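**Student:** Position in the first sequence (from 1) plus 16 gives the number in our numbering.
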Amino acid sequence: MIDLKYLQNNFNEASAKLEKKGVEAKTLENLQNLFTKLKEANATLEASKAEQNSMSKLFGQYMREKRDVTELKAKVDANKEAMVPLQERAREAEEALFFIALAMPNFPDDSVPEGADENDNVELRKVLEPKTFTFKPKEHWELSEINGWIDFERGVKLAKSRFSVLRGEASRLERALINFFLDTNAQKGFIEHSVPFINNSTMLQGTGQLPKFEDDLFKIDDEDLYLIPTAEVPLTNLYNDEILSEKMLPLLMTAYTPCFRKEAGSAGRDTRGIIRQHQFNKVEMVAIAHPDKSQEIFEMMVQNASDILTALGLPHRVVELCHGDLGFSAATTIDLEVWLPGQNQYREISSISNTRDFQARRAKIRFKDGKKNRFVHTLNGSALAVGRTIVAIMENYQNEDGSIEIPEVLKKYM
RNA sequence: CGGGAGAUGUCAGAGUGGUCGAAUGUGCCGGUCUUGAAAACCGGUGAGGGUUAUACCUCCGGGGGUUCGAAUCCCCCUCUCCCGGCCA
């Protein structure tokens, strides 16, 4: 959630920032008005409550002194009745405010490049040269067919489209990758966690998936529970509604989880292969950081993900997202895109974001800064998406006959 | 899933309608004493909103109700523990 006090006190600056994320100035004016209204409503209500409280206290005193209370009771009854509409007004003001405030995206950092969509993202650097093939490299689904690695049809039979089954060597490769990722992250100080793959709505709201993106989530029938779309949700919300001591920071966490996404709105995109599935595996990094330290941790996380790709011998590029491509919760995001020779293009394999205090406000994650409580900064990033890494290995390590080499660093894991 | 008990500050634990944001112990912070530490003694010590700072409002698992007034009475929910069932 955005800082409403900041919006109120620096309206022009704030609205300029959010306009770049496609929020109309009108919406923000509305939000600002609602905030002002809420504060007024609360002030009036609280004054009335104060009066009620003091009269009630007096009432008790009269009773003890055995004095007559009829007159006082009449006053207190009248005030109580007058409070009803004030209460209603405050409740409505709060509801109206939160309805809009929870749908407001984060302020982008000042450093975020201008732009409308992914074409305006800024390439920061390329790492490793794509190798030149003496034959036409195949796409991963063709290679899958030759090696029997992925069973698309039976995955669909078991569930529905966009589900698949890995078999044999591919399945072992997946397991090896998960272990390699977790071990590497652990070496960088990220503590491994095993978390529930189902979380409740409060947690999903904390990280920003709810209420706005409910359609992207798989919900459990008749329960306030959702399959997690990323381990960012359970890891970040591990500290939901907590006040941490400053010396606990930074909390560096990593977890392997499956991720479940409805992929609503992406019909027709990446329908072949396992690039875009309803269920995929991912190893995630999450950091809960002191606000002064979040930038350096962000850079460390980007470097870590890039190092993993480098260790696997996978050519990739580091891309800074522009305003238009930035996600809902992110203040700044860097994507890693891996080279896929079969597709002849770079494809996203990791996305690392600093949400600053946006999620911390929603999830109420604070730390003690001396006497005061302050919101932490939360960061998240993939290291890495497992399925897409398999695709990348298949396409980059393919031989002319369709066989696939295993990267050197993974051999000890298989 | 069935039966029973419970949920209060860091923790333990009192409080069953007003003087309770909450006894007492413990932990933590500061001080006295000490060469230093421990012990002992003295003082401080929950959160959120609000204010320049006060005032003031809210919070005793969550929600609703009764009442002038609720930690305390009533209803619903959640969670924890114990017993039984089922089970990797």
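We put the beta carbon where it would ideally sit given N, CA and C, even for glycine. Predicted, not measured: the structure shown is a model, and the values here were computed from it.
Going straight from the alpha carbon of residue 316 to that of residue 376, what length do you get?
**Tutor:** Looking up residue 316 in the first sequence gives position 300. Looking up residue 376 in the first sequence gives position 360. The alpha-carbon atoms of residue 316 and residue 376 are separated by roughly 20 Å.
**Student:** Pick helix, strand or coil for residue 400, following the three-state DSSP scheme.
**Tutor:** The sequence position of residue 400 within the first sequence is 384, counting from 1. Reduced to three states, the DSSP call for residue 400 is strand.
**Student:** Just to confirm, does residue 300 get its C-beta within under 7 Å of one of the non-hydrogen atoms of the ligand ZN?
**Tutor:** The ligand ZN is not part of the structure shown, which contains no ligands of any sort.
**Student:** Unbroken beta strand (DSSP E) runs of length 3 or more, entirely within the segment 249-274: which are they?
**Tutor:** The segment 249-274 contains these whole beta strand (DSSP E) runs: 259-261.
**Student:** Bridge partners for residue 300 per DSSP, in chain order?
**Tutor:** For the purposes of this step, residue 300 is taken as residue 284 along the first sequence, with counting starting at 1. Answer by DSSP bridge pairing, in chain order: 271, 398.
**Student:** Could you tell me which residues DSSP pairs with residue 392 in its beta bridges?
**Tutor:** Taking the first sequence and counting its residues from 1, one reaches residue 392 at position 376. DSSP lists no partner for residue 392.
**Student:** Please state whether DSSP places residue 351 in a helix, a strand or coil.
**Tutor:** In the first sequence, residue 351 corresponds to position 335, counting from 1. Looking at residue 351 - three-state DSSP - the assignment turns out to be strand.
**Student:** Which one of 257, 206, 146, 253 has the shortest CA to CA distance from residue 389?
**Tutor:** Position 373 of the first sequence, counting from 1, holds the residue named residue 389. The shortest Cα separation from residue 389 among 257, 206, 146, 253 belongs to 257.
**Student:** Spatial neighbours of residue 259 within its chain, please: CB distance less than 8 Å, with the 5 preceding and 5 following residues excluded, ordered by chain position.
**Tutor:** Mapped onto the first sequence, residue 259 falls at position 243. Closer than 8 Å at the Cβ level, and outside the excluded window around residue 259, lie 382, 383, 384, 389.
**Student:** Is residue 356 helix, strand or coil when you go by DSSP?
**Tutor:** Sequence index remark: in the first sequence, residue 356 carries index 340 (1-based). Three-state result, residue 356: strand.
**Student:** Let me know the alpha helix (DSSP H) ranges lying completely inside the segment 22-76, each 4 residues or longer, listed in chain order.
**Tutor:** For the segment 22-76, whole alpha helix (DSSP H) runs of length 4 or above, ordered along the chain, are 27-35.
**Student:** Cα-Cα, which of 166, 138, 22, 152 is closest to residue 406?
**Tutor:** In the first sequence, the residue the question calls residue 406 occupies position 390. That would be 166, whose Cα lies nearest to the Cα of residue 406.
**Student:** Could you check what DSSP says for residue 105 in three-state terms: helix, strand or coil?
**Tutor:** Working through the first sequence from its first residue, we reach residue 105 at position 89. Residue 105: helix per DSSP, three-state reduction.
**Student:** Look at residue 302 and residue 248 and say whether their C-beta atoms are less than 8 Å apart.
**Tutor:** The residue you call residue 302 lines up with position 286 of the first sequence. The residue you call residue 248 lines up with position 232 of the first sequence. Against a cut-off of 8 Å, the Cβ pair of residue 248 and residue 302 comes out as a contact.
**Student:** Secondary structure at residue 140, three-state DSSP: helix, strand or coil?
**Tutor:** On the first sequence, residue 140 is found 124 positions in, with the first residue counted as 1. Note: residue 140 maps to strand in three-state DSSP.
**Student:** Within the same chain, show all residues whose beta-carbon is closer than 7 Å to that of residue 288, passing over the 5 residues directly before and after it, in chain order.
**Tutor:** Looking up residue 288 in the first sequence gives position 272. For residue 288, where only same-chain residues beyond five positions count, the Cβ hits under 7 Å are 157.
**Student:** In or out: residue 80 buried (at least 16 other Cβ within 10 Å) or exposed?
**Tutor:** As a first step, residue 80 must be located in the first sequence, where it is residue number 64. That one is exposed.
**Student:** Mapping the DSSP letters down to three states, classify residue 306 as helix, strand or coil.
**Tutor:** Position 290 of the first sequence holds residue 306. Residue state, collapsed to three classes: coil.
**Student:** Please state if the CB of residue 395 and the CB of residue 369 are separated by a distance shorter than 8 Å.
**Tutor:** Counting from one through the first sequence, the residue named residue 369 turns up at place 353. Counting from one through the first sequence, the residue named residue 395 turns up at place 379. Yes, they are a contact pair.
**Student:** Using a Cβ-Cβ cut-off of 8 Å (strictly less than) and excluding sequence neighbours within five positions of residue 179, which residues of its own chain qualify?
**Tutor:** Position 163 of the first sequence, counting from 1, holds the residue named residue 179. Here the set comprises 171, 172, 293, 294, 295.
**Student:** Can you give the Cα-Cα distance for residue 39 and residue 85, rounded to whole angstroms?
**Tutor:** To locate residue 39, count along the first sequence from 1; it is residue 23. To locate residue 85, count along the first sequence from 1; it is residue 69. Computed Cα separation, rounded: 56 Å.
**Student:** On the three-state DSSP scale, how would you describe residue 294?
**Tutor:** In the first sequence, counting from the first residue as 1, residue 294 sits at position 278. Residue 294: coil per DSSP, three-state reduction.
**Student:** The beta strand (DSSP E) that contains residue 172, what's its start and end?
**Tutor:** Position 156 of the first sequence, counted from the start, is the residue given in the question as residue 172. Taken as a continuous stretch (DSSP letters only), residue 172 belongs to no beta strand (DSSP E), being part of the alpha helix (DSSP H) at 168-174.
**Student:** Is residue 425 helix, strand or coil when you go by DSSP?
**Tutor:** As a working mapping, residue 425 is identified with position 409 in the first sequence. Residue state, collapsed to three classes: helix.
**Student:** Indicate whether the contact test is met: 3 or more Cβ pairs, each with one atom in the segment 187-202 and one in the segment 264-279, closer than 8 Å.
**Tutor:** They touch, by the three-pair rule.
**Student:** Quick one, which of 344, 338, 290, 374 has its alpha-carbon nearest residue 409's?
**Tutor:** Numbered from its first residue, the first sequence carries residue 409 at position 393. The option with the nearest alpha carbon to residue 409 is 290.
**Student:** Could you check the C-alpha separation between residue 45 and residue 31 for me, to the nearest Å?
**Tutor:** Against the first sequence, residue 45 aligns to sequence position 29. Against the first sequence, residue 31 aligns to sequence position 15. Those two C-alpha atoms are separated by around 9 Å.
**Student:** According to DSSP, simplified to helix, strand and coil, what is residue 414?
**Tutor:** Along the first sequence, read from residue 1 onward, the residue named residue 414 stands at position 398. In this structure, residue 414 counts as strand in the three-state DSSP scheme.
**Student:** Quick check: what's the CA-CA separation for residue 335 versus residue 313?
**Tutor:** Within the first sequence, residue 335 is the residue found at index 319, counting from 1. Within the first sequence, residue 313 is the residue found at index 297, counting from 1. Straight-line Cα distance between these residues: approximately 17 Å.
**Student:** Can you confirm whether the segment 135-145 touches the segment 60-80 when touching is taken to mean that 3 or more C-beta pairs between the two stretches lie within less than 8 Å?
**Tutor:** No, the segment 60-80 does not touch the segment 135-145.
**Student:** In this structure, does DSSP put residue 370 in helix, strand or coil?
**Tutor:** Numbered from its first residue, the first sequence carries residue 370 at position 354. Three-state result, residue 370: strand.
**Student:** What is the rounded straight-line gap between the Cα of residue 392 and the Cα of residue 52?
**Tutor:** The count along the first sequence starts at 1 and reaches residue 392 at position 376. The count along the first sequence starts at 1 and reaches residue 52 at position 36. One C-alpha to the other measures close to 26 Å.
**Student:** When we look at the beta-carbon of residue 416 and count the other beta-carbons within 10 Å, is it buried (16 or more) or exposed?
**Tutor:** For the purposes of this step, residue 416 is taken as the residue at position 400 of the first sequence. Exposed.
**Student:** Could you tell me the distance, in whole angstroms, from the CA atom of residue 146 to the CA atom of residue 41?
**Tutor:** In the first sequence, the residue the question calls residue 146 occupies position 130. In the first sequence, the residue the question calls residue 41 occupies position 25. Rounded to whole angstroms, residue 146 to residue 41 spans 45 Å at the Cα level.
**Student:** Suppose you measure from the CA of residue 28 to the CA of residue 419; what does that come to, to the nearest Å?
**Tutor:** Here residue 28 corresponds to residue number 12 of the first sequence, with the count starting at 1. Here residue 419 corresponds to residue number 403 of the first sequence, with the count starting at 1. Rounded to the nearest angstrom, the two C-alpha atoms are 59 Å apart.
**Student:** Taking the DSSP output, what are the residues bridged to residue 276?
**Tutor:** Here residue 276 refers to the residue found at position 260 when the first sequence is read from its first residue. The partner list for residue 276 (beta bridge, DSSP) reads 295.
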